[in-house]
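Encoded as structure tokens, the structure appears first; notes follow it.
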Amino acid sequence: MEQNYSYQMKIDRPLYQHNNEVINKDTSQDKISHSKCTFFSKSHLKSVLFKTIPALMWLGSYQWQDDLMKDLIAGCTVAVMNIPQGMGYALLGNVPPVVGIYMAIFPVLVYSLLGTSRHISMGSFAVICLMAGKVVLAHSQTPLEFTHNSTKYISSSGEPIQYYTPLDVAIAVTFLVGLYQILMYFFQLGFMCSFLSDTLVNGLTAGAAVHVFTSQIKDLLGMHIQSFSGNFQIIHTFINIFESIYSVNMVACFVSFITITVLVINNELLKPWVNKRSVIPVPIELIAVLIGTVAASCFGISEKYNLTTVGSIAVGLPEPRLPPFSLMPAIALDSFVIAVVAYVISISMALIFAQKLNYEISPNQELLAQGAGNLVGSCFLCLPFAASLSRSVIQQTVGGRTQLTSVISAIILIGVLTSFAQIFETLPRCILASLIIVALKGVLLQAKDVFRIWKLSPLDGIVWVTTYLTVILVEIDIGLLVGVLVSNLVLCIRGIKPNIYRLCHLANTEMYVDPHRFSKVEEITGVCIIHYAGSLNFANQRYFKQQVYKIMDRDPKKELIESNIKTSKVSPTDLCLKPAEFLVLDLSGVLFTDPSGAFALLSIAQEYSQISVHTLLAGTTGPVHDSLRKYGLFDKQLLTCFPTIHDAVIYAENNRLQLIQQTRL
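Counting in the working numbering, the sequence shown runs without a single skipped number right up to 940 at its last residue.
Structure representation (structure tokens):
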């Protein structure tokens, strides 16, 4: 229950300026190191080890009796989800379905040691697999035979020609993605996730989901259509689908319809009912896969009705191999885009769970964990991995406490690969396509978010729409680039016209507030207080000066021109006989200023000084004050700086009274 208290506060202290020795600290000695730490000392090496391998920290405090059973249940649940999702998403990457299971083992084990998020489920993710699949499709010259080795052919001139299989291209992309992320870790570029706003990522993933949906239509309908790449590929794909509509496999359509119906009924009706009674969800995706596999094996529906199946699945774990380095220059740019998108998606999910469950993650350490995972994964036939929202939510919901969940899941999947992975060879691909499309529902429905985003901020709405449409009509990587450019343009627009308004004194207090938001305010005679929030730089310094003149309602240049015209009637000393006025600029909301912005302050002070208006600065932060001093703004003594607005106002009132008294004498 809220209560209103009437507390009183009384402050009695001297008036301070920024050059006051009482409050200023001599920082000349701060450059001297407080202590010297030996790099090879035991404490330092231990600190570096625990920072580099966060698993050592949470394993040391792991509650085995309380947490192990919860992690075990979560690990089994995630493993069950990884089988159908991994196989389906691997097809998006134009690689064998078993690659999706590899992705849930090798890179995930590395991430569980090096990652700082305890709850995200790393592995296959639709958007990243699709982006990698486009690169695979563009650079694998051989048909999609899913062979493990690249081949060489002899040209008519007798020179060998290198042809890369889909797996060659896939592991080369994964290697470069890992390398880029490791390099970003060494250069401490974890902050770059700040450049990709939630609005941009939302539009990017929603647009990419349309690509994923389009890519699954051929398997959903049992059609054999041409694959397109480049601009307007979605439009070309749908045109080709309508042109080939008579080649639809009706049995595949029926199987897809039944699968989607069962999944939707489970998600919309059964799952909410089960969730009220148990934290462990019904593994409906795995059930659908098993039923489809058994039906295809026992009744031979795949051969009888010409259904495309998953095909051959290698038993056991893959042998480690190096990627084809000769291919890497051709895929370097595409791999960089995938590295950035995979990191941003994963770190966004990690931040959501960290905020929800009240723990910290390290953006730079996440780069190391994902980069190392991809480097290891590239040696074991993996596509680039990322966090999956659906698996992460399930992992946390069923009680997963740490990344031990991922380790348990990986161990179970190793058992599946070495024991009975071949049973999935007869699985119709239309069932996997149905699983993917139903899983995309939430991401596809993100398109509705544009109305909410536009209502909150039209500029953010423009970012979302531009990114979404560019991703759909052009390419995912081009959409990302356009989204970043438009986002930065929006930042520039907001930076050019920041908040600037007049403040008034709140009666009987030492506070100065916006008169449009508070009542019982009063103006101070002869003192104009202006609050400015935002950076002060070359782009907005002209706007800043114009707004100051407008709020002051005094343009010094115009007044000087008018005074020069009236020199025959008015003595030049008359200007000095007017009561002095003071302009107080509240810069507490300024975090950065460049030389152009600083000299705009000096220009205002110089121009107003010619018409007897003194300029005072208040509330400058330490870095801004240091910048102004470095730029020499205080050398001409036209600007006086105070730690608070109240100090500046008291100084202005006292000086104004003294000048008025001197004028009367």
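Where is the CB? At the ideal position from N, CA and C, for every residue including glycine.
At a Cβ-Cβ threshold of 7 angstroms, Ser-709 and Ile-535 count as neighbours.
The stretch 488 to 502 makes contact with the stretch 691 to 710: 3 or more CB pairs, one atom from each, lie closer than 8 angstroms. For Thr-391, the secondary structure class from DSSP, reduced to helix, strand or coil, is coil. Non-local C-beta neighbours of Ala-607 in its own chain, meaning closer than 7 angstroms and more than five positions away in sequence, comprise Leu-451, ordered along the chain. Only buried fits Met-459, as 16 or more other CB atoms lie within 10 angstroms of its CB. Straight-line measurement puts the Cα of Pro-593 at about 13 angstroms from the Cα of Leu-688. Within the same chain, Cβ atoms closer than 7 angstroms to the Cβ of Asp-830 are found at Tyr-824, the five residues on either side in sequence being excluded. Inter-residue distance for Tyr-776 and Ser-684 is about 58 angstroms (C-alpha atoms, whole angstroms).
DSSP places Met-397 within a strand segment (E or B) once states are collapsed to three.
Residue burial annotation: Pro-604 is exposed, with fewer than 16 other C-beta atoms found within 10 angstroms of its C-beta. Contact fails between the stretch 719 to 739 and the stretch 393 to 404, because fewer than three Cβ pairs, one in each stretch, are under 8 angstroms apart. For Leu-454 and Asn-477, the gap between their C-alpha atoms comes out near 26 angstroms.
For Arg-777, the three-state secondary structure derived from DSSP is strand.
Measuring C-alpha to C-alpha distances from Ala-614 to each of Thr-327, Ala-661 and Thr-895 identifies Ala-661 as the nearest.
Taking a 10 Å sphere around the C-beta of His-791, we find fewer than 16 other C-beta atoms and assign the residue as exposed. DSSP places Ala-589 in the coil class of the three-state scheme, outside both helix and strand. Non-local C-beta neighbours of Phe-503 in its own chain, meaning closer than 8 angstroms and more than five positions away in sequence, comprise His-511, Thr-512 and Asn-515, ordered along the chain. Assignment of His-414 by DSSP, reduced to helix, strand and coil, places it in the helix class. By the Cβ neighbour-count rule, Val-402 is buried, with 16 or more other Cβ atoms within 10 Å of its own. Its chain contains Val-402, Leu-405, Val-746 and Ile-751 as the residues whose beta carbon lies nearer than 7 angstroms to that of Ala-483, once the 5 sequence neighbours on both sides are disregarded; these appear in chain order. Contact fails between the stretch 563 to 583 and the stretch 750 to 768, because fewer than three Cβ pairs, one in each stretch, are under 8 angstroms apart. Cα atoms of Val-487 and Gln-721: separation of roughly 14 angstroms, rounded to the nearest angstrom. With a 10 Å radius around the Cβ and a threshold of 16 neighbouring Cβ atoms, Ser-667 comes out buried. Here the alpha carbons of Ala-647 and Val-444 stand approximately 19 angstroms from one another.
Between Glu-560 and Cys-767, the alpha-carbon positions lie close to 47 angstroms from each other. For the pair Gly-390 and Asn-639, the CB atoms are not nearer than the 7 angstroms cut-off. Using a Cβ distance threshold of 7 angstroms, Ala-379 and Pro-372 do not count as a contacting pair. Sorting Gly-675, Ile-920 and Leu-702 by C-alpha distance to the C-alpha of Ile-555 places Gly-675 at the top.
Between Ala-893 and Val-859 the beta-carbon gap is near 6 angstroms, inside 8 angstroms, which marks them as a contact. From the listed residues Lys-326, Pro-441, Ile-588 and Ala-617, the smallest Cα separation to Leu-471 is found for Ala-617.
Close CB contacts of Gly-361 within its chain, under the 7 angstroms cut and outside five residues either way in sequence, are with Gly-375, Ile-376, Met-378, Ala-379, Gly-398 and Ser-399 (chain order).
Within the same chain, and ignoring the five residues on either side of Phe-867 in sequence, the residues whose Cβ sits closer than 6 angstroms to its Cβ are Ser-810. The C-beta distance from Pro-359 to Gly-652 rounds to 20 angstroms, too long to fall under 8 angstroms, and the pair is not in contact. Just measuring C-alpha positions, the residue of Leu-932, Gln-821 and Asp-861 sitting nearest Ser-878 is Gln-821. Note on Gly-575: under 16 other CB atoms within 10 angstroms of its CB, so exposed under the neighbour-count rule.
DSSP, read as helix, strand or coil, puts Leu-858 in strand.
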